[in-house]
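Some notes on the structure that comes next.
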Amino acid sequence: MRPFVYERAEEARSAVAAVADRPDAMYLGGGTNLVDLMRLGVAEPARLVDVSRLPYDTVGVRPDGALRIGAAVRNSDLAAHPAVRRAHPLLAQALLAGASGQVRNMATVGGNLLQRTRCAYFQDITKPCNKRNPGSGCPAREGDHRNLAIIGHSEACVATHPSDMAVALAALDAVVHLEGRDGPRTLPLTELYRLPGDDPRRDTVLDPADLITEVTVPALSFGGRSHYRKVRDRASFAFAVVSVAAALDVAGGVVRDCRIAFGAIAPVPWRARRAEEALRGAPATEDAFAAAARAELGQARPLRDNAFKVPLARNLLVRTLTELVVA
Amino acid sequence: MTVAIGEPVRRVEARDKVTGGARYTEDVRAADTAYAALVGSAISAGRVRSIDARQAERAPGVLTVITHTNRPDFAAQPPTPYTAEGRMPLADDRIHYAGQYIAVVVAETQEQADHAATLVQADYQRTSPVPTLDAALPAAYIPRQNGLVRFPSEYRRGHAETALAASPVRLEQEYRTATLSHAPMEPSSTLAYWEGDRLTIYDSSQAVHTHRALVATAFGLPEDRVRMISSFVGGGFGNKSFAWPHVFIAPMAARVVRRPVRVTISRKQVFTGTGHMAATVQAVRLGADREGRLRALIHDSTNQTSFIDDRQEGAAGTTPYMYAIPDVYARMRVAKVSTGTGGAMRTPGDSAGAFALESALDELAYKIGMDPVELRRRNHADTDPVSGRPWSGKRLLACYEQAAERFGWDRRKAEPGSMRDGDDLVGYGMAGGQRMEHQSRARATVHLSDEGTAVIRSSTVEIGGGGLTTLSQVAAEGLGLPVGAVTFEHGDTDLPASSPTFGSLTSGSAGSAVRLAAQDALRAAIELAVGDRRSPLHGADPDDVVAHESGLRLRDRPDRAESYRELLRRNRVNSLRGDGDFQPAGETAGYAMATFGAHFTEVRINRHLPRVRVVRHVAAFSIGRVLNARTARNQAQGGIIMRLGAALMESQRPDPVSGRFISPALTDYHVPVNADIGEVDVLFVGEPDTNANPLGARGLGEISAVGICASVANAVYHATGRRVRSLPITPDKLL
Amino acid sequence: MRLNFTVNGRATAVDDVWEGESLLYVLRERAGLPGAKNACEQGECGSCTVYLDGSPVCACLVAAGQAEGREVRTVEGLGGPGRLDPLQEAFVECGAVQCGFCTPGLLVQAHDLLERVTHPSDAEIREALAGNLCRCTGYEKILDAVRLAAERKAAAR
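Chains as they are written, first to last, in our numbering: chain P, 71 to 397; chain G, -18 to 716; chain V, 17 to 173.
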C-alpha cells in the first residue's frame, strides 16, 4: 500500500476543504472498499480524510414521512432501524443481502453508494482497464464477463455496480445530499451515477471533493409492500448475479403504481422505468409482469457468456412481483 | 482395560484453539526478524527483460531486493513432486505463469516490504500464452513421469473397444471439472534463520521430514543441519503437502540479509503460488447389457499442467479397481497450459474421476431404467479386479444399504422432474466412491513416566484432522492410561519421523507407529514388573500381563496388579521408552486395500431461480476401525462440504486470453458459507480391518470427498431432467 | 504516529504505527495478540474478526488511525482469567474446531450474535456466521456449539 497521510475530519466544511485542495486526497468512510482497493493498488490516495466520525450518524423521520439517513450511518444500523423495517422493507432487505455482518458493521451509507465495481479486470492493476487506466482497453469483453453488464454498458466498459443498498434506494427515489466546494446541494440518487459511454473513468457525477452527508428517502404509501431479492452463486456473502428491488401498489387486481430497480445487470443501479410504465394500470398478473420485464430487458445487449442474466432477471422480477401481490 | 480408541474424546488442542493461544507459523516470533514480500509476474508467458528495483530499494525499511540477476545459487534442484515445482525460484528470466515470483523484497516490517514490492518495475517480453485446457487439448500427451500418481498412465484389461462395440447398451459422454483451489484459511508462512551452517525453519508444512530433506538438498546441507518445525497448520487439504517456492525463498533471503526472514504469502498468492486441483476433461464410454451388467469401460482423462511440470490429476487411476468389468481401458494425459503447477487437493484424482464415472453410471441407469443403487450392486467388485486379490475389509454394499435406508431412498420416484414441492423441483441422487489406500513408513516413540503419564514423540503435524487426539487415544489404550495422561510432542524434525500428514496416512501409518511404540513401552514395563521381586506380578508369564488403569495386572487375576507409578518409582526408573517403526507390508500383504463410500443427496431447485440447494446429504464410509467418532464425523462432514463447493460454486476460471486466474480472491472464488449447508449425516459401517495394519484403521480424510459431485449432479438431473456434465453447477447452467 | 486505544479492557499505546497498517497488523505484530488471524487482508473471510466499540468488524480493513480512542476486544479477551466463555466451552465440547484458524474470528462473531439474540434460529445462526469462512468442518459442529452456548447463556440469565 502506498504511504499516505491520515487525518480525521471534525466537521464537513473542513473535510471538504482538506480534499478540495489536494487532487490526491480521498474521503475514508468504513474503509471496506477503499482500504481493499488501496491494498490492490487500484486506489492510491496520498491523503485519507476520515469522515466516518462526522456527526452524520443518525436516522430520522421528517414530518412528511421522509427518512433522513446520515451518510456515516453504518449499514447494519440502518438495516435494523425500525422506521426502515416498517416503511421500506426492501431497503432493510437490500442492506442485509450485502456482504457479511462484520462488513455491514463497518460500511457507511455514503461509502456503500460509492463502491467501485467488482470487475476482476478493474481490480487487477496488471491488466488493462478503461475505468482504471483510460484508453488501455477492456479485456472483459473478450475475457471473463459471466457476471458483468447486459444493459447500459458500452464498448469501453462492461462493469456492473456492486451495491445492493443503492438498488433499493434507486427504486425509492432517494435524494443524495452533498457538501461540495460551493456549499451544499442535492441530487436524485439515480442522477448520481453515470453510464460509462466512452469515458468509464468516473462512476458518478461527483467532484472528488463532494462529500455525501445525507440520503433522504421520500415517503412511499405502498413502501410497506416491497421486497428486495438477490440471486447469487451461494446462499450468502456473495455479490449479486442479478437482484431486484420492487414496491407494488395493487387495488382491485390492477397495478396502481410501482417502483422497480435492478442490480448487477448494469454499470449503475438500474431503475426500470420502462417496466414501471408498462405496469401502471395493467392487471396484476404474471403475464403482465412478464410483459413489463420484457419492456425493460428488451434493451439488453448481453455479452458472449452472460445472456443467462436476461431470463434470470425476468424470472426474478416476475417472482418478486407475484409474491408482492400475494403478500 | 481402558477403552479409548473410538471414543468421542475431545480434541486435545481445542482449548488452545478457542483462546487464541494456539501458535501457527505466522504467530512465531524470532528476534530481529525481517519480512519478505514476493513480487509476482504480471504476464503468463514470456521473459523478464529487465527489472528495475531502484525505487523499491530506496523505499523506507528495505534491506534488499533479490531477483534472478543477483540471487545466490541453490546447491541443487531437489526432486519433484514434493518440491512442488521442477524449477527453483528466481532460476532465470523465463515466465511460465502469471504470479510466478520474479523478485523478493526484504524489509524491516511486512508493511514496508509489501509497499516496496509494488515499486518493483519489470519489463517483459511477452510470448503467446496457452490460456486454457481447451486450447491445450490438441497437444495433450502421456507424460513420461507421472509424478504423484500411483497408477500407470495407461491401463488395459481385455479389449475394451471390441467389448464396447459388442455391448447392447452404449453410452459415451464427456465430463469436465474446473480448476479448484484448496483455499485453506491459513496462507502459507515460512520463518527461516541460520546459525552458522545450521538452518531452522518454521513452516506451515504438512510433512516436516519430507520437506526438510528437500530444503537440505537445495542448500547443500546434510539433513541433520536443518530443523523444520510445523506447530499447527491452519488447513491443509494438500495445499501444504509440497514445498512451494516460498519455502526455499525464506532461507535464501535469510542468508542474504543475515537475519531471520519471514515470508507469509498473500491470499492471492495462495491461489497462484501453492497449487490447485487441475481442470480435467474426461471422456467416458460404457458398454452394458440390458440387465445392467457392465461389459466395457473406457475412461480417458486429460488434465491441464504447467509448462514447468508434468503433473497428472490421476482422474482415471482408481477406475480399473472399482467395478467388476471384464474389459477396461483407462488413460491419463496432460496438456500444457500457461498456469502454475497443480498440487494434490483433497481428493487427488478420485474426486474428479468419480464425478465422471459415477455420473456416467447414473446416465446408464436411466437409460436402461434401473435403480442406480441396483446398477452398482450388480457390478460390485467382490475381489480387486486388477490384482485378483481379496479386499481387506470392503463393506461397500453395506454403505449403499445403510446410507440408502437412512436417506429414505425408497421414497424416490424414478421419473426425472416428478418430485416437486411448490416451486421447488426436488431431486434425489446417489454415487459411490473409492480410494486406493496406501501406507507409509512411520516412526514414533512413547515414553511412559513414573508419574503414570506418557509422552508421544512423533513428527506428525496437526493440520486439523485431529491426529493429535486420535494418536493420543491409541497410546492411551495401548498403555491403559486415560487420554488426559498422554501428551504429544509433534511437528518437529527433532522428533522421530512420522508419515507425512497427507494422503490419508495418519490413522493407518502414524497410528500404527504409535501403537507399536505403546506396545513396546508396555513390554518394557511388563519385563520390569515380572523381573522385580517386589512386584505383585513377579514371575508371571509376560503374556499374561495386560495394561490396566494406569498400570499392569494379570489378565485373569485382578488382585495381582500395580500402577506404573509404583513400579517405576520403586525401580528408580524415570521413564520407559517404547519405539514404534511401522513399515507397510505393501504388495506382499496378499490383500488389496482401499476405502469406500456411498453418497445420497437431496437437492431443491426453484424452477424460476435455479440455484441448487443441497438440503440433505447422507454418506456412509467403509474405513475399518474409527479411531474417534467425533473427529471422524466432523472430518467427513468437512470433506463432503468441500466437494459440495466443487459441485455447485468453486471454479478458478482462467482468463480466456491470458490464462491468468480471473478471481484469485475469496470474494470471487466462492467456497461454501455456513448459510449454504443443509443436513449432512455420516455413517461408518466398518469394523477393525486388521489385515490393513496393526491398528485396523484406514484413512478417512480423502475418501470423505469422493463421489459427492456426481451424487449432486445426479440429483440435479433427477430434479430437472437436465444433465450437467461440467462443474460447477451454477444457476446459468440450469436456465 | 502514536495509537491510543483500549484492548481487552487495558489502555494501550503503540508508537511508530504507520498509517497504512491495519488494526489487525497492530494487534498481531505490535500488541502481542496473535489470536485474530491474518488470512485474506480483504474482508473476505472473517478470520480477523474483533470487536470494535462493541461491534464485530474485520480488523484487516480497519486503518490503524480509525482505531484511535476506541475499544477493541479480541478472542484473547472473550473469557476471564483461566476461564472460558460458555461459547468457547461449547466449541471445545461440540468439536467445532478443526484446524482452528477460523476459530478466533468465528468466536467473536458468534459471541456478538448471542449478545444480541437470546434464542437464535438455525437459519439466523447460519446467516450471522456467513462471513466467517471455514474450510475444515462443514459448519455443522459450529452450529451445534452456538446452539449449546445459547441454551447455557439463556439458562444463566
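Yeah, the Cβ is synthetic: ideal placement off N, Cα and C, and Gly gets one too.
Interface residues of chain P facing residue i [CB-CB closer than 7 Å]
| i | result |
| --- | --- |
| G:Asp717 | Chain G is shown from -18 up to 716; residue 717 of chain G falls before or after that span and cannot be answered. |
| G:Pro653 | Arg304 |
| V:Gly154 | None at all; the shortest Cβ gap to chain P is about 14 Å. |
Cut-off 6 Å between Cβ atoms - residues of its own chain near residue i, not counting five sequence neighbours on either side
| i | result |
| --- | --- |
| G:Leu739 | Outside the shown range of chain G, which is -18 to 716, sits residue 739 of chain G, and nothing can be said about it. |
| G:Gln415 | Thr299, Met303, Ala575, Phe577 |
| G:Val654 | none |
| G:Gln36 | Leu100 |
| P:Thr274 | Leu262, Tyr263 |
Same chain only: Cβ atoms within 7 Å of residue i, ignoring 5 sequence neighbours per side
| i | result |
| --- | --- |
| G:Pro477 | Arg424, Ala425, Thr426, Arg438, Ser439, Ser440 |
| G:Thr359 | One detail in the question is off: residue 359 of chain G reads as Arg in this sequence, not Thr. For G:Arg359, where only same-chain residues beyond five positions count, the Cβ hits under 7 Å are Gly273, Arg274. |
| G:Arg193 | Glu204, Val207, Met209, Thr474 |
| P:Pro349 | Residue identity differs from the one stated: residue 349 of chain P is Leu in this sequence, not Pro. So the list reads Val325, Cys328, Ala358, Ala362, once near-sequence residues are dropped. |
| G:Asp649 | none |
| G:Gly677 | Gly605, Arg606, Pro669, Asp670, Thr671 |
Outcome for residue i when other beta-carbon atoms lying within 10 angstroms are tallied against a minimum of 16
| i | result |
| --- | --- |
| G:Gly330 | buried |
| P:Pro152 | exposed |
| G:Pro165 | buried |
| P:Gly351 | exposed |
| G:Tyr122 | exposed |
| P:Gly333 | buried |
| G:Ser319 | buried |
| P:Ala79 | buried |
| G:Met(-18) | Because the pLDDT of G:Met(-18) is 42, which lies under 50, any placement of that residue in the model is unreliable, and the question is left without a value. |
| G:Pro226 | buried |
| G:Ser340 | buried |
| P:Gln369 | exposed |
| V:Asp32 | exposed |
| V:Glu131 | exposed |
| G:Gln126 | exposed |
Where residue i meets chain G, residues with beta-carbon distance less than 7 Å
| i | result |
| --- | --- |
| V:Val30 | Correct list: empty, because the minimum Cβ distance to chain G is about 13 Å. |
| V:Lys169 | Per Cβ cutoff of 7 Å: no residues; V:Lys169 is ~16 Å from chain G at best. |
| V:Gly51 | Gly1 |
Contacts that residue i makes with chain V (C-beta to C-beta distance below 9 Å)
| i | result |
| --- | --- |
| P:Tyr76 | Met17, Glu35, Gly36, Ala79, Ala80, Gly81, Gln82 |
| P:Thr187 | Simply none; closest approach about 15 Å. |
| G:Pro709 | Near G:Pro709 there are no residues of chain V at all, since even the closest Cβ is about 16 Å away, more than 9 Å. |
Neighbour list for residue i in chain G, Cβ cutoff strictly below 8 Å
| i | result |
| --- | --- |
| P:Gly368 | Here the premise fails: no neighbours, minimum Cβ distance about 18 Å. |
| V:Asn54 | Glu7, Pro168, Thr245 |
Beta carbon of residue i nearer than 8 Å to that of residue j
| i | j | result |
| --- | --- | --- |
| P:Ala317 | P:Ser296 | yes |
| G:Leu114 | G:Met258 | no |
| P:Val121 | P:Leu259 | no |
| V:Arg44 | V:Tyr67 | no |
| G:Ala412 | G:Gly688 | yes |
| G:Val436 | G:Ser211 | no |
| P:Leu386 | G:Leu716 | no |
| P:Ser224 | P:Pro339 | no |
| G:Ser22 | G:Gly80 | yes |
Contact set between residue i and chain P, taken where Cβ atoms lie within less than 8 Å
| i | result |
| --- | --- |
| V:Thr65 | Gln172 |
Any non-hydrogen atom of the ligand SAM closer than 7 Å to residue i Cβ
| i | result |
| --- | --- |
| V:Thr65 | Ligands displayed in this structure: none; no statement on the ligand SAM is therefore possible. |
Proximal residues of chain P, C-beta to C-beta of residue i below 9 Å
| i | result |
| --- | --- |
| G:Ala656 | Arg304, Ala305, Ser306, Phe307 |
Contact list for residue i against chain V, beta-carbon separation under 8 Å
| i | result |
| --- | --- |
| G:Gly532 | Correct list: empty, because the minimum Cβ distance to chain V is about 29 Å. |
Taking beta-carbon pairs under 9 Å, can you tell me which members of the region 210 to 230 of chain G lie near chain V?
Residues Phe213, Val214, Gly215, Gly216, Gly217, Phe218.
Q. Name the residues in the region 116 to 130 of chain P whose C-beta lies less than 8 Å from a C-beta of chain V; which are they?
A. When CB distances to chain V are screened at a threshold of 8 Å, the residues of the region 116 to 130 of chain P falling below it are Leu118, Asp120, Ser122, in chain order.
In the region 82 to 98 of chain P, which residues sit with their C-beta less than 9 Å from some C-beta in chain V, listed in chain order? Residues passing the 9 Å Cβ filter: Leu98.
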